[in-house]
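So our numbering is basically just the index in the sequence shown, starting at one, shifted up by 82.
A short worksheet on the structure shown next.
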Amino acid sequence: MTVVAVSSLSDLTEQIQTEHRLVQEGLQSALAHAIRAGGALIEAKFLVPQGDWLVWLTENVDVGEAAAQIYMRLSRYQEQIPPELGITQARLFLRGLPKGIGFQGYPDDIKTEARNLRKSGLTLAAVGEILDVSPTIVHIWCDKGYAKRHTSHKRRHAIQRKRERRALFLAEKDTRRRNAAKAVGGSIHDAYSHLRLNAEALDKAIVEAKDRRVVSILRDARNHVHAAEDRIADALGVS
């Protein structure tokens with residue numbers, strides 16, 4: 083394709099310089115946005131229950147796991163990144179550095195200043211506004227027990243969520259098997275129904291039993307019942 087010159091060289095030079103400057107400003111602006119997004123992601127990850135992070139990302143934001151890792155890394159090392167770099171250059175600049183420095187990656191003087199400001203009576207939000215960090219990070223710096231308490235709460239919540247997911251999985255599996263046995267009908271349906279009743283009775287007995295030997299016997303019996311259920315399910319072609 084032939085390019086026809088319609089502008090003077092000086093005009094073109096000025097246009098090139100202007101557009102290049104806008105490109106550079108756009109790259110720096112993108113880096114600033116990425117760093118701020120990373121800071122928010124770091125705080126969100128601290129608040130999201132343990133084990134639910136990827137689910138939370140998928141359900142709540144349009145940022146994928148890889149992009150989230152990049153943003154958080156940029157945010158953690160923002161003090162070391164030259165301001166004139168774009169996102170790609172900043173990522174290359176950070177090569178070889180540890181994967182994460184967490185909340186402790188901030189300079190000690192900022193943490194000391196945060197504690198002094200809190201002692202002067204300022205709220206967490208006010209201190210965060212002054213130091214350009216989130217109130218949650220300020221809370222961590224000023225209350226040594228906060229992170230430990232919150233981590234403990236997240237762990238308990240994660241255990242509860244795991245139990246709930248397990249219960250839902252088992253309920254769905256039982257529904258599939260019941261429906262398959264019911265569709266066949268006859269002795270297969272009767273046998274599976276009786277096995278389920280036995281399993282539920284054994285579960286209740288295990289919870290109520292006090293003697294460890296009795297609990298062991300009941301669990302062994304329940305395992306045999308589950309094995310029989312599995313064999314019927316395999317014969318019916320359901321999981």
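The C-beta atom is built at its ideal place from N, Cα and C for all residues, glycine as well.
If you're wondering where the values come from, they're calculated on a predicted model, not measured in any experiment.
Item, Value
"Beta-carbon proximity check, LEU206 vs GLU195, cutoff 8 Å", "no"
"Sequence ranges, beta strand (DSSP E) only - wholly within the region 243-305, length at least 3", "none"
"ALA119 vs ILE169 beta-carbon contact at 8 Å", "no"
"8 Å CB neighbourhood of ILE288 in its chain, flanking five on each side removed", "VAL297, LEU300, ARG301, ARG304"
"Proximal residues to LYS127 (C-beta, below 8 Å), its chain only, five neighbours per side dropped", "TRP135, MET154"
"GLU161 in three-state terms, based on DSSP", "helix"
"Cβ separation of ALA262 and VAL320, assumed to be a contact under 8 Å, to the nearest whole Å", "5 Å"
"DSSP state of PRO217 mapped onto helix, strand, coil", "helix"
"Residues near LEU250 in its chain [Cβ-Cβ closer than 7 Å; skip 5 each side]", "none"
"DSSP state of ASP144 mapped onto helix, strand, coil", "coil"
"Option in LYS226, ALA122, VAL137, ALA281 with minimal Cα separation from ALA240", "VAL137"
"Beta-carbon proximity of SER216 to GLU125, cut-off 8 Å", "yes"
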